[in-house]
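Novice:
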Amino acid sequence: MAGKVFISCGQSDKNEKDVAKQVSDWLKAQGYQTYVAIETQSILDVNSGIITELKRADFYLFINFRRDKITTTNDEFYRGSVFTNQELSIAYAMGFEKMLFVNQKEVRRDGIFGYL
11 MAGKVFISCG
21 QSDKNEKDVA
31 KQVSDWLKAQ
41 GYQTYVAIET
51 QSILDVNSGI
61 ITELKRADFY
71 LFINFRRDKI
81 TTTNDEFYRG
91 SVFTNQELSI
101 AYAMGFEKML
111 FVNQKEVRRD
121 GIFGYL
């Protein structure tokens, strides 16, 4: 078996959910198992779902969708999904080495994502 992929991506609207499903379906067709944290909202969900699934995963796929537009005096950009970036921090703290990052156009790479 090819391994298990934890897919970390925003799911704030139908388009993002569709992308998550399409990516998951494609990976499954390639022989991988997948986990997408759909409808994980509470701290109990984080503890019982996300962390448990991260422990079981072999690979981590980070898809950073655009969120709010940020305008400063000298710059204009979009922030990424806060929740997805938090999952990335957990994955990094757990020692993941096999990670793939996809960043939507114009999303600033801040925080741990910018570091990695």
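Numbering-wise (my numbering), the sequence shown opens with residue 11 and increments by one. Where a beta carbon is used, it is the ideal one built from N, C-alpha and C, also for glycine.
1) Closest to ALA47 by C-alpha separation, out of ASP120, LEU37, GLN40 and ALA30, would be which residue?
2) Ends of the alpha helix (DSSP H) at ILE122?
3) Taking 8 Å as the cut-off, does the stretch 74-85 touch the stretch 32-39 (at least 3 CB pairs, one atom from each stretch)?
4) Please classify LYS38: does DSSP put it in a helix, a strand, or coil?
5) With a 10 Å radius around its C-beta and 16 neighbouring C-beta atoms as the bar for buried, classify ASN25 as buried or exposed.
Specialist: Once the coordinates are examined:
1) ALA30
2) 121-125
3) no
4) helix
5) exposed
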